[in-house]
Amino acid sequence: MTVLFYDQEHKQEYIKLLSSMKSQDEYHKAAAYLLTMDRTIKDHITDVFDIDKDIILHEGLNKAWQTGTSVKTTRLLFNLWNSFIYDSTEDFENDIISKYYSIDEIFSCNYMLYYVQALKLRFPCYAVEEPAKPYERLLKQITAKHNEEVKSNFQSGLLDFVPDEITPEEMLMQIIAGYAVRNCPEVLETEQGS
Numbered sequence: 065m066t067v068l069f070y071d072q073e074h075k076q077e078y079i080k081l082l083s084s085m086k087s088q089d090e091y092h093k094a095a096a097y098l099l100t101m102d103r104t105i106k107d108h109i110t111d112v113f114d115i116d117k118d119i120i121l122h123e124g125l126n127k128a129w130q131t132g133t134s135v136k137t138t139r140l141l142f143n144l145w146n147s148f149i150y151d152s153t154e155d156f157e158n159d160i161i162s163k164y165y166s167i168d169e170i171f172s173c174n175y176m177l178y179y180v181q182a183l184k185l186r187f188p189c190y191a192v193e194e195p196a197k198p199y200e201r202l203l204k205q206i207t208a209k210h211n212e213e214v215k216s217n218f219q220s221g222l223l224d225f226v227p228d229e230i231t232p233e234e235m236l237m238q239i240i241a242g243y244a245v246r247n248c249p250e251v252l253e254t255e256q257g258s
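What follows is the structure, encoded as structure tokens:
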């Protein structure tokens with residue numbers, strides 16, 4: 065997976081922080097990413113995360129240095145770490161859930177794309193770049209074989225020119241057209257008569 069960083073400094077700080085953590089699992093990757101992405105939090109990492117004890121520090125949410133955006137980043141960090149949805153230990157003990165952990169509260173800021181990246185780091189098994197279509201691999205193999213045969217036919221003199229290579233999408237259309245000619249001639253006759 066390609067990781068989107070805020071800038072080169074974010075990438076360097078992320079690598080440095082992650083290497084100092086007790087683990088490099090998905091929890092720590094997401095935590096290191098958020099802790100080093102937000103400029104305000106980056107200057108106060110030890111207020112929201114104890115690297116030696118490997119725990120988040122809930123009281124960090126209410127520190128005076130926090131800004132509107134850094135609070136959002138901190139809440140996302142807490143939630144991705146252990147599904148925390150409270151604004152304080154007291155709220156946790158009294159089961160007072162904070163409305164500020166909702167998606168529309170956290171993601172409504174300029175860091176949204178980076179927050180999505182943190183989600184991908186935390187849940188890598190669901191962060192598929194683009195889901196593959198079931199037939200895609202087979203179609204690519206058929207297309208490659210077709211293109212090789214065309215080149216081979218040209219080299220052996222069976223073709224006077226080499227046509228442009230066919231794309232998998234064009235091959236799919238040819239397969240569908242061939243199927244239609246063999247199995248649905250009445251449809252083709254109707255189309256031609258129209």
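Residue numbering for the sequence shown follows our numbering, starting at 65 and increasing by one per position. Ideal placement from N, C-alpha and C gives every residue a C-beta, glycine not left out.
Ranking H122, K86, L144 by CA distance to the CA of S152 puts H122 first. The residue from Y190, S84, H74 with its alpha-carbon nearest to that of Y97 is H74. Along the region 108-174, the beta strand (DSSP E) does not occur as any fully enclosed run of 3 or more residues. Here the alpha carbons of Y70 and Y178 stand approximately 7 Å from one another. In the three-state reduction of the DSSP assignment, T207 falls in the helix class, which pools H, G and I.
In this structure, V135 is the residue among E154, L185, V135 with its C-alpha nearest to the C-alpha of S166.
Contact annotation: the region 79-91 touches the region 114-134, with at least three C-beta pairs closer than 8 Å. Scanning its chain for C-beta atoms nearer than 6 Å, with the 5 sequence neighbours on each side dropped, one finds around L144 the residues A94, R186, in chain order.
Counting along the chain, T104 sits inside the alpha helix (DSSP H) bounded by residues 103-106.
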